[in-house]
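Visitor:
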Amino acid sequence: MYRYFLFFFLVVLGSCDELIEVLRFDGPCTIQMKDGSTITTKESIEILESTGTITYRDDEGRLWSVTTDEYESYVCGN
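Quick look at the structure:
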């Protein structure tokens, strides 16, 4: 019985990557906002593929999200 439960758990765990599609880009990153301003972060950003929402941390470690309605583009890397 334990083996069946373990097998089921591993199958469910393995399929989680397909349910939540998050793209991660290593920083530093610059996000160009639609209002003309820019956001620069030293850390990586994550983008939820289904909505295009960018999640990042500022210099103080606070977590922020920017929706596709708010930004035009982003660039990451050196």
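If you count by numbering that gives the first Met the number 0, then the sequence shown holds residues 0 to 77, one letter each, in order.
Think of the CB as a built atom: it goes at the ideal place given N, C-alpha and C, for glycine as much as any other residue.
1) May I have the straight-line CA-CA distance separating Gly-60 from Ile-53, to the nearest angstrom?
2) Below 8 Å between beta carbons: does that hold for Ser-49 and Glu-20?
3) Return the residue from the list Ile-44, Ser-43, Glu-45, Cys-28 that minimises the CA-CA distance to Thr-37.
4) Just the C-alpha distance for Asp-57 and Glu-42, rounded to the nearest angstrom, thanks.
5) Using the Cα positions of Cys-75 and Ile-30, report the straight-line distance between them to the nearest angstrom.
Guide: The short version:
1) If you number the sequence shown from 1, residue 60 lands on position 61. If you number the sequence shown from 1, residue 53 lands on position 54. Rounded to the nearest angstrom, the two C-alpha atoms are 15 Å apart.
2) Start at 1 with the first residue of the sequence shown, and residue 49 comes out as number 50. Start at 1 with the first residue of the sequence shown, and residue 20 comes out as number 21. Yes. Within cutoff.
3) By one-based count along the sequence shown, residue 37 stands at place 38. From the listed residues Ile-44, Ser-43, Glu-45, Cys-28, the smallest Cα separation to Thr-37 is found for Cys-28.
4) Here the question's residue 57 lines up with position 58 in the sequence shown. Here the question's residue 42 lines up with position 43 in the sequence shown. In this structure, the CA atom of Asp-57 is about 8 Å from the CA atom of Glu-42.
5) Within the sequence shown, numbered from 1, the residue matching residue 75 stands at position 76. Within the sequence shown, numbered from 1, the residue matching residue 30 stands at position 31. Cα to Cα, Cys-75 sits roughly 9 Å from Ile-30.
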